[in-house]
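Chains as they are written, first to last, in the working numbering: chain X, 739 to 853; chain L, 22 to 129.
For each residue, glycine too, the CB sits at the ideal point set by N, CA and C.
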């Protein structure tokens with residue numbers, strides 16, 4: 739089954755404790771992206787990757803890091819989480835950046851709480 | 022500031038009613054997508070519209086892209102409880118921008 743898998747689904751942590759949210763897709767997609775979803779603000783892009791070893795900032799990259807060492811994996815790293823990073827996070831992938839012929843496939847989300 | 026404004030933000034209706042939700046922007050998009058998101062899941066694509074004035078139908082759902090490719094609407098006929106969810110529009114220009122969504126509840 740074609741899917742995007744995120745782990746963990748839920749995470750509660752404390753300020754400053756480094757964490758990684760993993761994302762893996764099995765569709766051989768070149769494009770992967772991370773979003774955060776906050777009430778009233780919709781989905782905002784954090785980082786995206788056009789291919790292996792190619793990453794770029796989205797709209798809200800501050801406080802986040804990513805890496806793309808393999809095509810299927812795109813982990814999101816919070817080196818020093820803060821309470822304002824409490825949010826619902828989604829990983830998504832598609833064949834290419836243009837969504838016209840290649841819609842975004844989303845994972846089921848990671849709900850992060852930073853106290 | 023939301024590039025894409027969706028209205029209404031919340032909508033609660035009875036089964037069998039019709040409804041329309043809107044997605045508006047001052048920007049022109051090369052394409053516009055509608056997604057539905059259910060609790061505990063990620064958004065799932067419903068449709069992509071590309072041409073100004075385009076109308077697409079998906080069973081009881083009718084999607085329209087504005088002539089100027091700045092706005093879109095989603096009309097649901099005879100809503101069912103299974104239509105309950107968060108409806109998101111996303112416009113593609115240089116990159117993809119999402120609206121904040123319309124949260125629809127259809128009561129049996």
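So which of 87/L, 126/L, 70/L and 77/L has the shortest CA-CA distance to residue 45/L? Sorting 87/L, 126/L, 70/L and 77/L by C-alpha distance to the C-alpha of residue 45/L places 87/L at the top.
Do you know how far the Cα of residue 781/X is from the Cα of residue 22/L? Model confidence at residue 22/L stands at a pLDDT of 48, short of 50, so the residue's coordinates are unreliable; what they give is reported in the following sentence. If you take the alpha carbons of residue 22/L and residue 781/X, they lie about 13 Å apart.
I'd like the span of the beta strand (DSSP E) that includes residue 831/X, first residue to last. Taken as a continuous stretch (DSSP letters only), the beta strand (DSSP E) holding residue 831/X covers 825-832.
Out of curiosity, what's the CA-to-CA distance linking residue 769/X and residue 805/X? Distance between the alpha carbons of residue 769/X and residue 805/X is about 13 Å.
Please report how far the alpha carbon of residue 765/X lies from the alpha carbon of residue 740/X, in whole angstroms. If I take the Cα positions, the gap works out to 6 Å.
Hey, does residue 766/X have any beta-carbon neighbour from chain L nearer than 7 Å? For residue 766/X, the answer is no, since every Cβ of chain L falls outside 7 Å of its Cβ.
Please confirm whether residue 38/L has its beta-carbon closer than 7 Å to some beta-carbon of chain X. No, because no Cβ of chain X sits closer than 7 Å to the Cβ of residue 38/L.
Using a Cβ-based criterion (distance less than 6 Å to any ligand heavy atom), does residue 842/X qualify as near the ligand GDP? In terms of ligand content, the structure shown is empty, and the ligand GDP therefore cannot be addressed.
Residue 781/X at chain L interface by Cβ criterion, 7 Å: Residue 781/X counts as touching chain L.
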